[in-house]
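Residue numbers for the sequence shown follow numbering that gives the first Met the number 0, so the first one is 0 and each next one is one higher. From the three backbone atoms N, C-alpha and C, an ideal C-beta is built for every residue, glycine too.
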Amino acid sequence: MAELKAKVTLKAKGEEAYISLKQLMVTLKWTKDVDLDLMAFYKAKDGRVGGVVSDNFPGGTLGSLNDFPFIQLSGDAGVGAKGGDNEEQLRITKLDDMAELYICTLNYTDAINKVDSSFSSYDGGVIVMDDRGESVAVPLNSADKGHVAVIARIDNTSPMGAKLINENRVIDLGTFASTIPGASIILG
């Protein structure tokens with residue numbers, strides 16, 4: 000079982016916690032025999048949309064920490080559906096320009112085999128840690144079936160600060176491309 004150690008855990012869909020707008024590290028962890036791919040999709044305050052996904056996908060980009068969107072993906076783990084201590088990381092150096100950021104994972108193994116599976120059977124989840132070491136965990140616990148899990152969303156539209164919200168919404172690729180800002184550009 001992938002261990003999600005964090006100061007706060009958002010166990011239920013809709014739970015939220017305020018987070019820092021400074022540097023963030025988002026880590027997807029899992030141990031089961033499945034290839035999960037961590038992705039981030041955004042809508043900027045000026046209306047720009049896009050995503051940071053594995054460069055193994057057509058049009059995929061690992062992003063950049065020095066230029067917009069100031070998000071970078073570590074690479075691909077669990078390739079070939081290998082079990083073990085798998086993890087992928089997104090580093091975020093600046094969120095000021097973002098209105099919304101969606102933290103998602105694609106079940107590559109089941110998507111290519113056209114099998115709808117429940118992400119709750121894959122012992123995964125994300126930990127979001129800020130530059131002060133404060134952390135919030137969101138377990139991947141939706142029993143719904145599909146190929147993409149929208150694990151969490153960062154809402155940066157309130158003057159009160161940015162909030163990390165447990166989404167745990169599992170959807171098919173078509174719904175994903177049509178409802179998540181930037182997803183259609185990358186996964187078209």
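For residue j and residue i, the rounded distance between their alpha carbons
i: residue 184; j: residue 49; result: 7 Å
i: residue 43; j: residue 111; result: 31 Å
i: residue 60; j: residue 67; result: 12 Å
i: residue 118; j: residue 64; result: 29 Å
i: residue 160; j: residue 152; result: 14 Å
i: residue 57; j: residue 174; result: 19 Å
i: residue 51; j: residue 124; result: 18 Å
i: residue 120; j: residue 139; result: 9 Å
i: residue 39; j: residue 8; result: 20 Å
i: residue 71; j: residue 55; result: 15 Å
i: residue 167; j: residue 158; result: 25 Å
i: residue 156; j: residue 122; result: 31 Å
i: residue 69; j: residue 132; result: 19 Å
Assigned secondary structure, residue i (DSSP; H/G/I helix, E/B strand, else coil)
i: residue 50; result: strand
i: residue 69; result: coil
i: residue 26; result: strand
i: residue 56; result: coil
i: residue 174; result: helix
i: residue 18; result: strand
i: residue 157; result: coil
i: residue 164; result: strand
i: residue 11; result: coil
Beta-carbon gap between residue i and residue j smaller than 9 Å
i: residue 86; j: residue 180; result: no
i: residue 144; j: residue 116; result: yes
i: residue 103; j: residue 182; result: yes
i: residue 135; j: residue 172; result: no
i: residue 114; j: residue 141; result: no
i: residue 84; j: residue 30; result: yes
i: residue 96; j: residue 45; result: yes
is_contact[residue i, chain D] using C-beta, thresh 9 Å
i: residue 54; result: Chain labels in this structure do not include chain D; a single protein chain is all it has.
Residue i: CB within 8 Å of a non-hydrogen atom of the ligand FAD
i: residue 105; result: In the structure shown, the ligand FAD is absent, as is every other ligand, since no ligand is present at all.
query = If we count Cβ pairs, one from each stretch, closer than 8 Å, do we get three or more for the stretch 144 to 151 versus the stretch 83 to 91?
reply = no
query = Should the stretch 33 to 41 be called in touch with the stretch 8 to 19, which here means at least 3 C-beta pairs below 8 Å?
reply = no
message = Three or more C-beta pairs under 8 Å: does that hold for the stretch 123 to 136 against the stretch 23 to 30?
response = yes
task = Quick one: which unbroken beta strand (DSSP E) runs of 3-plus residues sit fully inside the stretch 92 to 154? Chain order, please.
result = 97 to 106, 124 to 129, 134 to 138, 147 to 154
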